[in-house]
Amino acid sequence: MKVNRDIVTLKKLSDKDDGFVDASPQERISMVWELTKEAWYFKERKNVEQRLQRDVAKLIKK
Numbered sequence: 153m154k155v156n157r158d159i160v161t162l163k164k165l166s167d168k169d170d171g172f173v174d175a176s177p178q179e180r181i182s183m184v185w186e187l188t189k190e191a192w193y194f195k196e197r198k199n200v201e202q203r204l205q206r207d208v209a210k211l212i213k214k
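Now the structure itself:
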């Protein structure tokens, strides 16, 4: 997902922010997935996406 970093909003600690992100569910999941990968990397120092790959095998009954 490409983020436009040219738009900046100045906020103070006293300002209230509900954290709402105007994005589709797919975009929100994508954002969370990036954070999840980073957190898992810090914990295990492994690429989390490699763990999700599965080998395909075919079982034939004789």
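Whatever position you read off the sequence shown (first residue = 1), add 152 for my numbering. Even glycine gets a Cβ: it sits at the ideal position worked out from N, Cα and C. Note that the structure is a prediction, hence the values are computed from the model and not measured.
- A distance of 8 Å or more separates the beta carbons of D170 and K163.
- Annotated three-state conformation of V184 is helix, per DSSP.
- Taking the CA atoms as reference points, A175 sits about 18 Å from D158.
- The alpha-carbon of K214 is positioned some 42 Å away from that of E196.
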